[in-house]
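Engineer:
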Amino acid sequence: MSEISGSSILVTGATGSFGKAFLNYALTHLDPQRIVIFSRDELKQYEVRQMFGDDKRLRFFLGDIRDRNRLSRAMHGVDYLIHAAALKQVDTAEYNPSEFVATNINGSQNVIDVAIDAGVKKVVALSTDKASSPINLYGATKLVADKSFIAGNHYAATFPTRFSVVRYGNVMGSRGSVVPLFRKLAAEGKSLPITDKRMTRFWITLPQAVKFVVDSFDKMAGGELFVPRIPSMRIMDLVEAVAPGSETHETGIRPGEKLHEEMIASDDSRRTLRFPDRYVVQPVVASWGYQSPEGGEDVADGFNYRSDNNDLWLSIEDMRKLIDEEK
Numbered sequence: 173m174s175e176i177s178g179s180s181i182l183v184t185g186a187t188g189s190f191g192k193a194f195l196n197y198a199l200t201h202l203d204p205q206r207i208v209i210f211s212r213d214e215l216k217q218y219e220v221r222q223m224f225g226d227d228k229r230l231r232f233f234l235g236d237i238r239d240r241n242r243l244s245r246a247m248h249g250v251d252y253l254i255h256a257a258a259l260k261q262v263d264t265a266e267y268n269p270s271e272f273v274a275t276n277i278n279g280s281q282n283v284i285d286v287a288i289d290a291g292v293k294k295v296v297a298l299s300t301d302k303a304s305s306p307i308n309l310y311g312a313t314k315l316v317a318d319k320s321f322i323a324g325n326h327y328a329a330t331f332p333t334r335f336s337v338v339r340y341g342n343v344m345g346s347r348g349s350v351v352p353l354f355r356k357l358a359a360e361g362k363s364l365p366i367t368d369k370r371m372t373r374f375w376i377t378l379p380q381a382v383k384f385v386v387d388s389f390d391k392m393a394g395g396e397l398f399v400p401r402i403p404s405m406r407i408m409d410l411v412e413a414v415a416p417g418s419e420t421h422e423t424g425i426r427p428g429e430k431l432h433e434e435m436i437a438s439d440d441s442r443r444t445l446r447f448p449d450r451y452v453v454q455p456v457v458a459s460w461g462y463q464s465p466e467g468g469e470d471v472a473d474g475f476n477y478r479s480d481n482n483d484l485w486l487s488i489e490d491m492r493k494l495i496d497e498e499k
């Protein structure tokens with residue numbers, strides 16, 4: 173049984189892909205006292221209500237993480253918090269940097285401050301591979317958010333609240349996934365757009381992402397950056413898995429896009445421990461009494477965790493099975 177079972181949980185951005193998958197898992201397996209769904213889109217909240225019916229354990233709060241007062245009201249009596257709210261479109265960020273800063277950085281700081289004031293026990297913030305060695309504004313804002321959550325443990329040192337971060341790569345089945353697009357174009361007999369045929373990506377399913385986050389609550393002491401050990405895939409193998417035999421054409425890498433994903437930079441190798449199912453990047457400075465988790469192995473100096481140098485790979489058949497399971 174997980175530490176967060178039977179508790180009061182708040183999820184920011186709970187109407188997104190991860191949030192809905194977490195709600196389904198939590199209501200089935202965690203027997204929560206209540207789950208506070210905090211998001212700013214009333215249509216998406218309505219859609220979530222339709223998905224889960226009249227479950228009395230769900231509480232719906234319209235609000236924006238930019239609004240500290242609204243967060244404070246929603247967080248009253250909450251034991252555990254998952255921070256999933258963010259602006260995420262890479263190209264949109266380049267045109268609207270101030271909006272991404274306001275939500276991903278300033279909004280995240282609001283979550284940190286209110287969680288401490290409300291006495292939340294543990295907070296897990298969701299990150300992205302784009303926060304490692306960022307080359308676009310979205311990734312830069314998420315890197316700042318990651319560091320802010322880890323630093324939140326300094327502010328909470330004499331309080332019960334602890335913060336950790338979970339970082340993972342592409343989520344199969346999430347909004348924006350390329351799989352539905354490939355299927356649609358293939359059914360119409362059209363050529364599939366590939367940014368670069370050499371491209372590789374990490375791959376995780378929504379159920380795997382949810383379970384990893386839940387497990388991270390049990391493992392965290394506060395200050396860790398948890399990265400799952402997940403397989404990589406080649407983009408051309410994905411095409412063959414989804415739409416075998418389809419024609420493709422290269423469109424070129426989009427602004428701010430990487431050829432290969434990275435989740436741990438080489439400069440972080442000195443602080444990284446390897447476990448069977450995950451890597452743990454430890455904090456640079458820990459004034460709150462942080463202790464290294466037991467059982468981990470130091471990675472080699474200069475180690476970096478990228479989708480092209482991974483030791484785990486998905487075959488075409490592996491991907492087909494995962495896609496079928498998601499359906």
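Here our numbering runs 172 ahead of the position in the sequence shown, where the first position is 1.
Quick reminder that beta carbons are idealized off the backbone N, C-alpha and C, glycines included.
If you're wondering where the values come from, they're calculated on a predicted model, not measured in any experiment.
Hey, is the stretch 210-226 in contact with the stretch 263-282, meaning 3+ C-beta pairs nearer than 8 Å?
Structural biologist: The stretch 210-226 vs the stretch 263-282: no contact.
Engineer: With DSSP as the reference, label Arg334 as helix, strand or coil.
Structural biologist: Correct three-state label for Arg334: strand.
Engineer: Tell me which residue opens and which closes the beta strand (DSSP E) that Ser211 is part of.
Structural biologist: Element bounds for Ser211: 206-211.
Engineer: Using three-state DSSP, classify Leu182 as helix, strand or coil.
Structural biologist: Strand.
Engineer: When the Cα of Ala246 is compared with those of Ser404, Asp227, Leu259, Gly291, which residue comes out closest?
Structural biologist: Per the Cα distances, Gly291.
Engineer: Tell me the start and end of each unbroken beta strand (DSSP E) in the stretch 222-249 that is at least 3 residues and wholly inside, in chain order.
Structural biologist: The qualifying runs are 230-234.
Engineer: I need the straight-line Cα distance from Thr187 to Val220, nearest angstrom please.
Structural biologist: For Thr187 and Val220, the distance between alpha carbons rounds to 7 Å.
Engineer: For Thr200, which of Lys383, Asn476, Trp460, Leu353 has the nearest alpha-carbon?
Structural biologist: Closest by alpha carbon: Lys383.
Engineer: Taking just the CA atoms, how far does Ile284 sit from Leu137?
Structural biologist: Nothing in the structure corresponds to residue 137, since the chain is present only between 173 and 499.
Engineer: Can you have a look at Asp301 and say buried or exposed, based on whether 16 or more other CB atoms are within 10 angstroms of its CB?
Structural biologist: Flag for Asp301 reads buried.
Engineer: State the Cα-Cα distance for the pair Leu182 and Gly417, rounded to the nearest angstrom.
Structural biologist: So the two alpha carbons sit approximately 45 Å from each other.
Engineer: Drop a sphere of 10 angstroms on the beta-carbon of Pro427, count the other beta-carbons inside from all chains shown, and report buried for 16 or more, exposed for fewer.
Structural biologist: Pro427 is exposed by the Cβ-count criterion.
Engineer: Spell out a yes or no on whether the stretch 293-308 and the stretch 430-437 are touching, meaning 3 or more CB-CB pairs, one atom from each, closer than 8 Å.
Structural biologist: At 8 Å Cβ cutoff, the stretches touch.
Engineer: Cα separation between Tyr574 and Asp390?
Structural biologist: Absent from the model: residue 574. The displayed extent of the chain is 173 to 499, so no value can be given.
Engineer: Output the distance between the C-alpha atoms of Glu469 and Arg242, rounded to the nearest integer angstrom.
Structural biologist: Approximately 43 Å, taken between the alpha carbons.
Engineer: Opposite Leu378 in the DSSP bridges: which residues?
Structural biologist: Answer is none; Leu378 lacks a bridge partner.
Engineer: Quick one: Cα of Val115 to Cα of Gly178, how far?
Structural biologist: Since the displayed the chain opens at 173 and closes at 499, residue 115 lies outside it and no answer follows.
Engineer: With three or more beta-carbon pairs closer than 8 Å as the criterion, would you say the stretch 400-407 touches the stretch 362-375?
Structural biologist: Yes, the stretch 400-407 is in contact with the stretch 362-375.
Engineer: How far does the alpha helix (DSSP H) with Val452 in it reach, from first residue to last?
Structural biologist: Premise fails: Val452 lies in the beta strand (DSSP E), 450-453, not in any alpha helix (DSSP H).
Engineer: Between which two residues does the alpha helix (DSSP H) holding Ala359 run?
Structural biologist: Counting along the chain, the alpha helix (DSSP H) containing Ala359 begins and ends at 350-359.
Engineer: Going by alpha carbons, who is nearest to Glu422 out of Leu445, Ala393, Leu364?
Structural biologist: Nearest C-alpha to Glu422: Leu364.
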